[in-house]
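Below is one structure; the comments refer to it alone.
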Amino acid sequence: MAQARPVTDKERERVRELHAAGKGRNEIAAELGRGGRTISEIAKSLGLSFARAAQVHQATEIRSADLAARRATFAIKLQDIAETEAAKINAPHTYWDWGGKEHDFDTHDAPEPTPGDKRAYMSLVATAVDRSLKLSPPKEEGGADKVGSLLTNLFDTLRERHGDH
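In the numbering used here, the protein residues as written are 49 to 213.
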């Protein structure tokens, strides 16, 4: 069995320098041509540690905060979509058709969408609001329930008004 070569003062000093430069144990081991265990023993004798739990925890918190901000931004986009599409439910609508023997393109305007199209708009609005609320729930107590019941009442009223049951 081969004997381990002794650690030199020069190597100890180099471990101290590389550690101070933020290098990890495995990076230092590769640079000095030593095993990770040897580098850990040198570091311990110098009073150094490769424990980075606090840094990892802080980086994780920062990443989580960044993701929360991105979700909130996307929730706003979904809310904008919901509001835009909800405005179309009773607005004039242009229908188009492409076909016939000559493959003609034709359009016609209707005072409002058909009941089926209104149902599609309502479904789109409900989905966008639901996803928005899941990405960024309201802070106040019971906020999501209030919004959900508000939307349910809105859709029930629209169905009653237009005979969709």
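We put the beta carbon where it would ideally sit given N, CA and C, even for glycine.
Just so you know, these numbers come straight off a predicted model, no measurement behind them.
Item: Put G148 into one of helix, strand or coil per three-state DSSP.; Value: coil
Item: Run the CB neighbour count on A130, radius 10 Å, all protein chains shown included, and call it buried at 16 or more, exposed below.; Value: buried
Item: Helix, strand or coil for F203, going by three-state DSSP, please let me know.; Value: helix
Item: Excluding the 5 residues preceding and the 5 following S97 in the sequence, name in chain order all residues of the same chain whose CB lies nearer than 8 Å to its CB.; Value: A91
Item: Around the Cβ of A69, are there at least 16 other Cβ atoms within 10 angstroms (buried) or fewer (exposed)?; Value: exposed
Item: What does the alpha-carbon distance come out to for the pair A134 and G148?; Value: 33 Å
Item: Could you check if S180 is buried or exposed, using at least 16 other CB atoms within 10 Å of its CB as the buried criterion?; Value: buried
Item: Using C-beta distances below 6 Å, list every residue in its chain close to L126, excluding the 5 sequence neighbours before and after it, in chain order.; Value: A176, R179 and S180
Item: Would A123 and S184 qualify as a contact pair, given that the criterion is a beta-carbon distance under 7 Å?; Value: yes
Item: Kindly list the residues whose CB is nearer than 8 Å to the CB of V63, restricted to its own chain and excluding five residues on each side of it in sequence; keep chain order.; Value: I76, L80, I87, I90, A91, L94 and L96
Item: On the DSSP bridge list, what partners appear for F153?; Value: W146
Item: Buried or exposed, going by whether 16 or more other CB atoms sit within 10 Å of the CB of H156?; Value: exposed
Item: Please specify which runs of the alpha helix (DSSP H), each continuous and at least 4 residues long, are wholly inside the segment 112-142, giving them in chain order.; Value: none
Item: Can you tell me which residues form a DSSP beta bridge with A158?; Value: H141
Item: Confirm, please, whether the CB-CB distance from H141 to D116 is below 7 Å.; Value: What sits at residue 116 in the sequence shown is Ala, not Asp. Taking 7 Å as the Cβ cut-off, A116 and H141 do not qualify as a contacting pair.
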